[in-house]
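With UniProt numbering, the residue at position 42 of the sequence shown is 42, and numbering never jumps.
Even for Gly, the Cβ is constructed at its ideal location relative to N, Cα and C.
Data block below; observations after.
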Amino acid sequence: MSISGIHGLPLEVTVVGCYNLEDKEWVSRQDPYVCLEYGSARYRTKTCTDGGKNPTFQEKFIFTLIEGLRELNVAVWNSNTLVADDLIGTGRIQLHKVLSQGFEDCTWPLQSKTGRHSGEVRLIMHYPNAQQPQKFKTKGAPSFPEYAPSAPFTQVLPYSHPPAALYPSTMPYATPPLSYNSYPPPSTATYQPSPYAGYPPQAPSASYPPQVYHLPLSHLLIIHQLRLQSILRRPIELFFH
Numbered sequence: 001m002s003i004s005g006i007h008g009l010p011l012e013v014t015v016v017g018c019y020n021l022e023d024k025e026w027v028s029r030q031d032p033y034v035c036l037e038y039g040s041a042r043y044r045t046k047t048c049t050d051g052g053k054n055p056t057f058q059e060k061f062i063f064t065l066i067e068g069l070r071e072l073n074v075a076v077w078n079s080n081t082l083v084a085d086d087l088i089g090t091g092r093i094q095l096h097k098v099l100s101q102g103f104e105d106c107t108w109p110l111q112s113k114t115g116r117h118s119g120e121v122r123l124i125m126h127y128p129n130a131q132q133p134q135k136f137k138t139k140g141a142p143s144f145p146e147y148a149p150s151a152p153f154t155q156v157l158p159y160s161h162p163p164a165a166l167y168p169s170t171m172p173y174a175t176p177p178l179s180y181n182s183y184p185p186p187s188t189a190t191y192q193p194s195p196y197a198g199y200p201p202q203a204p205s206a207s208y209p210p211q212v213y214h215l216p217l218s219h220l221l222i223i224h225q226l227r228l229q230s231i232l233r234r235p236i237e238l239f240f241h
């Protein structure tokens, strides 16, 4: 991310404290303090009396950024009364991360005059004008407001008659079973009118000619003899009457 254009913008630096400092006192506890330097600006914390190796400060300072200057100098001293103060250690604080991300909480190492490790200092830095990452959008794509998803839309189709192929008009209806106390299917025989109807019943029209039954020859002979006997007996009966 580009961090250009910082000139004249504020940078907040909070000195939290120091850890594992080199001890400059032989008898009593040392009294450390911290100095910050950026360009021509210099700030100093209050002295932490009897702070020893792990003093606490919790002091905030505001620097005005300078274009091209990405480094902050820090020095930790031991305050003396009768003699000059003792330098415990110095360090260089890089500003690239805080200028690009806007915030950094980190512990930085300190070195003595001879280059030996002499402790650490903790700083919290805040740059409120850091650029926030933005989502890139496709050029020319229209932007529309986002709405919360609603319930799925169910399309109601217009009513239409079923195709004729599915329901042929010539297909007979299935006769329901006679179980379950259902009515019997209508009979296909000729309708017989009720004797209580107001109109006289009409004889049904014969659909087929009457059938002729042929008796056996032996039966025909017996019938013929009976007829002859009946004819011969009639004159005698008339005579007696």
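DSSP places Ser-118 within a strand segment (E or B) once states are collapsed to three. Within the UniProt domain "C2" (1-109), the complete alpha helix (DSSP H) runs of at least 4 residues fall at 96-101. Asn-78 counts as buried, since at least 16 other C-beta atoms from the protein chains shown sit within 10 angstroms of its C-beta.
Per the coordinates, the alpha-carbon of Phe-63 lies some 30 Å from the alpha-carbon of Lys-24. The residue from Trp-26, Glu-71, Val-13, Gly-68 with its alpha-carbon nearest to that of Thr-45 is Val-13.
Between the region 65-78 and the region 88-106 there are three or more C-beta pairs closer than 8 Å, enough to call the two in contact. Distance from the CA atom of Gln-30 to the CA atom of Asp-86, rounded to whole angstroms, is 10 Å. Its Cα nearest to that of Gly-102, the residue Tyr-127 stands out among Tyr-127, Ser-112, Thr-114. DSSP links Leu-217 through a beta bridge to no other residue. In the DSSP assignment, Leu-123 is bridged to Val-15, Cys-106. With a threshold of 16 other beta carbon atoms within 10 Å, Leu-36 meets it and is buried. Gln-111 is bridged by DSSP to Thr-90, His-117.
For Lys-53 and Leu-11, the gap between their C-alpha atoms comes out near 28 Å.
Distances from the alpha-carbon of Gln-131 to those of Leu-217, Leu-110, Lys-97, Lys-113 put Lys-97 closest. The DSSP-derived three-state label of Gln-131 is coil. Here the C-alpha atom of Ser-118 lies approximately 29 Å from the C-alpha atom of Ser-100. In terms of CA proximity to Thr-114, Glu-22 leads the group His-219, Glu-22, Asn-80. By alpha-carbon distance to Phe-57, the top candidate from Gly-39, Ser-218, Ala-41, Val-15 is Val-15. The C-beta distance from Arg-70 to Leu-110 rounds to 20 Å, too long to meet the 8 Å contact threshold.
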